[in-house]
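To start, the structure itself, in C-alpha cells.
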Amino acid sequence: MRRMIRALMAAFLTAVTATHATTAQAEGERAGVFDYYVLALSWSPNWCAVEGDAKGSDQCDPRHDHGWILHGLWPQFHRGWPSYCRTAEAPPSRRQTTEMADIMGTSGLAWHQWKKHGTCSGLSANDYFALSRQAYDQINRPEIFRKLTQEVTLPASLVEQAFLQENETLAPDTLTITCRDGHIQEARICLSRDLRPVPCGRDVIKDCQMKNAVFAPIR
Numbered sequence: 004m005r006r007m008i009r010a011l012m013a014a015f016l017t018a019v020t021a022t023h024a025t026t027a028q029a030e031g032e033r034a035g036v037f038d039y040y041v042l043a044l045s046w047s048p049n050w051c052a053v054e055g056d057a058k059g060s061d062q063c064d065p066r067h068d069h070g071w072i073l074h075g076l077w078p079q080f081h082r083g084w085p086s087y088c089r090t091a092e093a094p095p096s097r098r099q100t101t102e103m104a105d106i107m108g109t110s111g112l113a114w115h116q117w118k119k120h121g122t123c124s125g126l127s128a129n130d131y132f133a134l135s136r137q138a139y140d141q142i143n144r145p146e147i148f149r150k151l152t153q154e155v156t157l158p159a160s161l162v163e164q165a166f167l168q169e170n171e172t173l174a175p176d177t178l179t180i181t182c183r184d185g186h187i188q189e190a191r192i193c194l195s196r197d198l199r200p201v202p203c204g205r206d207v208i209k210d211c212q213m214k215n216a217v218f219a220p221i222r
C-alpha cells in the first residue's frame, strides 16, 4: 500500500511539474501564436543600481540620461508565454539593433529581446522593432520621476497611480508594477495585437506590494 501511495504521489508531482512548465513558459513555439502583448518599461537608474553597474553596462553612463526605457514587447498567452519561437524571419542586423539603443539602453538588449520574444511575434525584425517603438511612444511616462534629485522610498502603488493619471486609456487591470531587490523594477502594460490596453492575465497582474521600494533619480 505504501509503495502504491508513493508511486501515485510521484506521478502526481511529475504531472504538476510538467503542467507548470507548459503553462508558465513554452520554448520553441510556433511564431505568431499568442493572445496579447506585455509592454515592459524598466526604470533604468534602478536597474543600474541592482545589476547594470556591476556589469559595467553602457546604459548606466550618465551621459545617456535614461529614465523609463523599453525592456521589451512580449507576446503573452492568457496563461504562460512563448519564447525562442521557430521563425523563418531573418535576425535583425547590427544597424537595426543599434537604432533601438536610444529607447532600450543597449543594442545588446534589443538583440536579446528579438531572440527571446520578437521571434514569437510572427513579424519581421524590422516590423517587430517598429511596433515596439510605437508601443513605447504611445505610453505617457510620468515626468514627475525625472524630477527627483535624490533617492527616495515609496509604495509601488504610487508608481501605478502616476501611470494611470498620465494615461487615461489605462485601467488598474491593464497595468502592473514589479519590484526587484527592494527597488521598483518595471511598469508592465498589457496591450492587444493592435496595441490597445487590455486586461492582464493572471501570470502578469501580480503587483509589487512594497510600501518602501527604492526609487533612484536620473543620473
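Each number in this note's numbering corresponds to the 1-based position in the sequence shown with 3 added. For each residue, glycine too, the CB sits at the ideal point set by N, CA and C.
Which whole-angstrom value is the C-beta distance of residue i and residue j, which I expect to be below 8 Å?
i      : j      : result
Pro145 : Glu169 : 5 Å
Gly108 : Ile72  : 5 Å
Tyr139 : Pro78  : Actually they do not touch by this definition, with Cβ atoms about 16 Å apart.
Leu76  : Ser135 : 4 Å
Gly125 : Gly35  : 3 Å
Gln104 : Ser96  : Position check: residue 104 holds Ala in this sequence, whereas Gln was assumed. That pair is no contact at about 14 Å.
Any beta carbon of chain C sitting closer than 9 Å to that of residue i?
i     : result
Phe80 : Looking for chain C here will not work: only one protein chain is present.
Go through its chain and collect everything with a Cβ distance to residue i's Cβ below 7 Å, but skip five positions before and after it.
i      : result
Leu157 : Ala216 and Phe218
Pro220 : Pro48, Leu151, Thr152, Gln153 and Glu154
Arg33  : Cys88 and Arg89
Thr177 : Ile192, Cys193, Pro200, Val201, Pro202 and Cys203
His74  : Ala43, Leu44, Ser45 and Glu189
Val53  : Arg183, Asp184 and His186
Gln137 : Leu198
Arg205 : Arg82
Gln141 : Leu198
Val207 : Val41, Gln79, Thr179, Arg191 and Cys193
Pro65  : Arg222
Counting only the same chain and skipping the five closest in sequence on each side, list residues whose C-beta sits under 6 Å from that of residue i.
i      : result
Gln188 : Thr181 and Cys182
Met213 : Ala159 and Cys182
Cys211 : Ala159, Ile180, Thr181 and Cys182
Glu92  : Ser127
Arg149 : Gly70 and Ile221
Cys63  : Cys51, Gly55 and Asp56
Gln116 : Gly75
Asn143 : Glu169 and Asn170
Ser195 : Tyr39 and Val201
Thr101 : Ser110
Ends of the beta strand (DSSP E) at residue i?
i      : result
Leu161 : Premise fails: Leu161 lies in the alpha helix (DSSP H), Ala159 to Glu169, not in any beta strand (DSSP E).
Ala190 : His186 to Leu194
Val41  : Tyr39 to Trp46
Cys211 : Looking at the DSSP string, Cys211 is not in any beta strand (DSSP E), and its letter there is neither H nor E.
Arg183 : Leu178 to Arg183
Tell me which residue opens and which closes the alpha helix (DSSP H) that residue i is part of.
i      : result
Gly75  : No alpha helix (DSSP H) holds Gly75; the beta strand (DSSP E) holding it covers Trp71 to Gln79.
Tyr139 : Ala128 to Gln141
Ordered along the chain, which non-local residues of its own chain (more than five positions away) have a Cβ less than 8 Å from that of residue i?
i      : result
Gln1   : Residue 1 falls outside the range modelled here, since the chain spans only 4 to 222, and no answer is possible.
Glu163 : Pro175, Leu178, Thr179, Ile180, Ala190 and Asp210
Leu167 : Leu173, Ala174, Pro175 and Leu178
Handout entry: Any 3 or more C-beta pairs closer than 8 Å across the segment 118 to 125 and the segment 81 to 95
Key = yes
Exercise for the section: Scan the segment 48 to 123 and note each continuous beta strand (DSSP E) run of 3 residues or more that stays entirely inside, going in chain order. Expected result: 71 to 79 and 84 to 86
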